[in-house]
Amino acid sequence: MRIEDLIDMSPRPAGTDWPTSRLVAVLAALVLIVTAPAALLGQEADPGVSADPAHNTPLPCEAVSTPGLVPRSARNITHVANVCGFVGTDVEFQSRTDAAGKVHDYAFVGTMGAGLRIFDVTNPTRPTLAGRYTDPGWQNDIQVRGDTAVISFDPVIVGPHVSECLRAKQPTAVRQGGADIVRLTFDAATATFTTALVDCYVVQTSGNGAHNATLHPSGDWLAIDTTRTGVEVVDLRSSPVRMVRKIPATVIGSAHDTSFSADGNTMYAASPGNGTFIADVTNIFERDATTVAFIPNNTEPGGSSNPRNVTTSHQADVSSDGKVLVFTDERGGGLSNTACNTDPRGVIGGMHFWNVESPASPERLGTWFYPNPTLALDPLAPVLSGLGRTKRACTVHVLRNGGNGSVSPGPIQSGFDGVSSLPATQNVAAHYGAGVWWIDFSAAPSPSDGIAENEFTDWGNTLGWNVMPGAETWSAKEYKGHIYAGDMTRGFDVYAFSDCSGASCVAVPVNTPGTVRGGGQAAGELAEFTILEGTAVGGRAQFSFDVSYVVGAPTPTGGVHFRDRDSGIRVDATAVDSLTIEGPRATITGRATVDGQSGVRFILEVEDLGKGKDAADTFRLVTATGYGAFGVVDRGNITVEGGGLLGLP
Numbered sequence: 002m003r004i005e006d007l008i009d010m011s012p013r014p015a016g017t018d019w020p021t022s023r024l025v026a027v028l029a030a031l032v033l034i035v036t037a038p039a040a041l042l043g044q045e046a047d048p049g050v051s052a053d054p055a056h057n058t059p060l061p062c063e064a065v066s067t068p069g070l071v072p073r074s075a076r077n078i079t080h081v082a083n084v085c086g087f088v089g090t091d092v093e094f095q096s097r098t099d100a101a102g103k104v105h106d107y108a109f110v111g112t113m114g115a116g117l118r119i120f121d122v123t124n125p126t127r128p129t130l131a132g133r134y135t136d137p138g139w140q141n142d143i144q145v146r147g148d149t150a151v152i153s154f155d156p157v158i159v160g161p162h163v164s165e166c167l168r169a170k171q172p173t174a175v176r177q178g179g180a181d182i183v184r185l186t187f188d189a190a191t192a193t194f195t196t197a198l199v200d201c202y203v204v205q206t207s208g209n210g211a212h213n214a215t216l217h218p219s220g221d222w223l224a225i226d227t228t229r230t231g232v233e234v235v236d237l238r239s240s241p242v243r244m245v246r247k248i249p250a251t252v253i254g255s256a257h258d259t260s261f262s263a264d265g266n267t268m269y270a271a272s273p274g275n276g277t278f279i280a281d282v283t284n285i286f287e288r289d290a291t292t293v294a295f296i297p298n299n300t301e302p303g304g305s306s307n308p309r310n311v312t313t314s315h316q317a318d319v320s321s322d323g324k325v326l327v328f329t330d331e332r333g334g335g336l337s338n339t340a341c342n343t344d345p346r347g348v349i350g351g352m353h354f355w356n357v358e359s360p361a362s363p364e365r366l367g368t369w370f371y372p373n374p375t376l377a378l379d380p381l382a383p384v385l386s387g388l389g390r391t392k393r394a395c396t397v398h399v400l401r402n403g404g405n406g407s408v409s410p411g412p413i414q415s416g417f418d419g420v421s422s423l424p425a426t427q428n429v430a431a432h433y434g435a436g437v438w439w440i441d442f443s444a445a446p447s448p449s450d451g452i453a454e455n456e457f458t459d460w461g462n463t464l465g466w467n468v469m470p471g472a473e474t475w476s477a478k479e480y481k482g483h484i485y486a487g488d489m490t491r492g493f494d495v496y497a498f499s500d501c502s503g504a505s506c507v508a509v510p511v512n513t514p515g516t517v518r519g520g521g522q523a524a525g526e527l528a529e530f531t532i533l534e535g536t537a538v539g540g541r542a543q544f545s546f547d548v549s550y551v552v553g554a555p556t557p558t559g560g561v562h563f564r565d566r567d568s569g570i571r572v573d574a575t576a577v578d579s580l581t582i583e584g585p586r587a588t589i590t591g592r593a594t595v596d597g598q599s600g601v602r603f604i605l606e607v608e609d610l611g612k613g614k615d616a617a618d619t620f621r622l623v624t625a626t627g628y629g630a631f632g633v634v635d636r637g638n639i640t641v642e643g644g645g646l647l648g649l650p
């Protein structure tokens, strides 16, 4: 059920009227914040569409946000933020300057069934919604260049699961997937985006689609990876957009994913079932592409039983200095390769490195495999079991090389950045149920860093990793010192590089001077709201809180009280551990007595949107017992003072 439906169906007190502006604020609040621990946000579903093995159901937000969750295993990567409630896939970046001259950083996050999400990640610990393009299709791999976004729709799951535009262009029966071309309009006054459909492209090869689509660095054309039969070259200069030519499988293989050299003249293509191709695409509007080199799947003895050979070439990106081609082996695919969850020696796909300083004569450097550290039991296993995702795959998936933008070394368009700040010989990569990894590929493995590498690794060194509970990480990419990950169960995660190990790899909140209060209009009264998301949707809840922190104090002081009137659940804080404030939003963590059980960790997030009739103050509470409640205050008020608001420090 969509949140719009929940709002329409939720019981309302007599005389309560929510104007349009309040409804808009509610929808925005549902995908707002997230700090570590994560916040309770609105979970979205795809109405009328049955789930399939590739189209996940996200974890409920009250599960992802449970206070006290720590990594199942981690080293040198700290989890700092989460936005939950949707199936996250690909991530891209750019930066813009607002009307006051401040630079804002943005993450563009693809989803399955919920369209494109745009988050302002200028403060990586508190992503905020800055725009969206809503469409029911999937898998929603994305590309962003300047004011253009491209969203692709999977060839394996076509049928009704493509965009509305693609369905409209195939009125009798949907047989092909394709891509939506979307205009991004940036409002410098609000530092947010609006989006509008420009056109959509239906793949011309019967029975295929766009598993991925790659913008050429020039912005003039789009490479549609049909997965089965090569690449369609789409001219974006024309209206409507049109196919110029097909790069056949004999030249580029059954391309799954493509990228470009810095000058755009060379294409690198990962081709499942074939290998990895390097092709000359110079002057593609006037001439056919030609193969420069081909690296077959099997380059070592033993065929597919040798992990240093490839079964499913998935992604191929050159290093930012143009010297090393990095391609991954999604061995077993993202659905079936679960061996490493149960077998320490389970064969998984690796990351392969080839010297391409002479592109026509690639030379193998070696292969890296993650070292499969011991994982603590997943505390979200019972919830995952209910979703049918007990064992997630753990092979390698989407990566980003240091110094690269979305399609090639350097920015895809000058003035918008979007480039990884890691060195040319480092990258980060997603590994589904094995989380996020950080790798150095400058040399052969060395034990000097204290990390024991996988026995099959003969090139590269592991620098860090983080496997959060419930992780099924689709993509991981670094931007300006943080790793951003699209996750099929967790939604959207943010990580920081740090010197940490194990349970310490979770960000610790830093107290902010200020005061937050919530309650009824008169002294002693409780505020009220209808629960829109959480454990007891549709019920009524009451609360009051008054928490303050002053510089130099060991901890904040004050209290928090909550009651779910329908279920009878009571939460009464016994200790407040942290208070963080940013603008109109505040986060409180602590311990409480929950239905007679003492010492239960909780997290409370509130937003103060003023005192006018259109104000939509929000309240979200999660406890370590698994209880969660989110709602918009309709009786009472929330006040946030501090963190730079109202002139306070």
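For the sequence shown, the residue numbers in our numbering are 2 to 650. Note that beta-carbon positions come from the ideal geometry of N, C-alpha and C, so glycine has one too.
*For A445, collect the residues of the same chain with a Cβ closer than 7 Å to its Cβ; drop the 5 residues on either side in sequence, then sort them by chain order.*
Same-chain partners within the cutoff: G367, D459, W460.
_Same chain only: Cβ atoms within 7 Å of P241, ignoring 5 sequence neighbours per side_ = D200
*Start-to-end residues for the alpha helix (DSSP H) that takes in I253*: Run containing I253: 250-253, per the alpha helix (DSSP H) assignment.
*A169, buried or exposed, once every other Cβ within 10 Å from all chains shown has been counted against 16*: exposed
_Where the beta strand (DSSP E) containing P297 begins and where it ends_ = 291-297
*Report the residue from L70, T90, G69 whose alpha carbon sits nearest the alpha carbon of T58.*
When L70, T90, G69 are compared, the shortest CA-CA separation from T58 is found for T90.
*asked:* Taking its Cβ as the centre, do 16 or more other Cβ atoms sit within 10 Å of R541, making it buried, or is it exposed?
replied: buried
*Could you tell me which residues DSSP pairs with T195 in its beta bridges?*
T186
_Per DSSP, cross-strand counterpart(s) of E364_ = Its beta-bridge partners are N356.
*Cβ-based burial, L70 [other Cβ within 10 Å; buried from 16]*: buried
*Where does the unbroken alpha helix (DSSP H) through A64 begin, and where does it stop?*
62-65
_For the stretch 399-414 against the stretch 321-328, do three or more pairs of beta-carbon atoms, one drawn from each stretch, fall closer than 8 Å, so that the two count as touching?_
yes
_Can you tell me whether C166 is helix, strand or coil according to DSSP?_
helix
*Got a sec, what are the start and stop residues for the alpha helix (DSSP H) G591 sits in?*
Taken as a continuous stretch (DSSP letters only), G591 belongs to no alpha helix (DSSP H), being part of the beta strand (DSSP E) at 586-595.
*Is T79 closer than 8 Å to A554 when the C-beta atoms are compared?*
no
*Taking buried to mean at least 16 other C-beta atoms within 10 Å of its own C-beta, is F354 buried or exposed?*
buried
_If contact is defined by three or more beta carbon pairs under 8 Å, each pair taking one atom from either stretch, is the stretch 128-136 in contact with the stretch 186-196?_
yes
*asked:* What does the alpha-carbon distance come out to for the pair G637 and E529?
replied: Rounded to the nearest angstrom, the two C-alpha atoms are 7 Å apart.
*Apart from the five residues on each side of it in sequence, which residues of its chain come closer than 6 Å, Cβ to Cβ, to H217?*
Same-chain partners within the cutoff: G265.
*So, using beta-carbon positions, are V88 and T112 closer together than 8 Å?*
yes
_Measuring alpha carbon to alpha carbon, tell me which residue in A472, A271, R97, V420 is nearest A263._
V420
*asked:* Can you give me the C-alpha to C-alpha distance between G387 and G274, rounded to a whole angstrom?
replied: 34 Å
*Three or more C-beta pairs closer than 8 Å, one from the stretch 230-244 and one from the stretch 195-215: is that the case here?*
yes
*In angstroms, rounded to a whole number, what distance separates the CA positions of Y433 and G471?*
10 Å
*Secondary structure at D236, three-state DSSP: helix, strand or coil?*
strand
_At least three beta-carbon pairs within less than 8 Å, the stretch 499-513 to the stretch 580-596_ = With the cut-off at 8 Å, the stretch 499-513 and the stretch 580-596 touch.
*Among I285, P249, T277, which one has its Cα closest to the Cα of D221?*
I285
*Environment of N356 [buried if 16+ CB atoms lie within 10 Å]*: Burial call: exposed.
*Can you say whether L223 is buried or exposed, counting buried as having 16 or more other CB atoms within 10 angstroms of its CB?*
buried
*Sequence-distant residues of its chain with Cβ nearer than 7 Å to D155 (five each side left out)*: So the qualifying residues of the chain are W139, Q140, G178, G210, H212.
*asked:* So if DSSP puts R393 in a beta bridge, which residue, or which two residues, is it bridged to?
replied: DSSP lists no partner for R393.
_Simplified DSSP state of P308, which is helix, strand or coil_ = coil
_On a Cα-Cα basis, can you pick out the residue from A190, T193, D226, I452 that is closest to Y202?_
Nearest option by C-alpha distance: D226.
*To the nearest angstrom, report how far apart V507 and T581 are at their CA atoms.*
16 Å
*Does the beta-carbon of A377 have 16 or more other beta-carbons within 10 angstroms, so that it is buried, or is it exposed?*
exposed
*Where the beta strand (DSSP E) through A131 begins and ends*: 129-134
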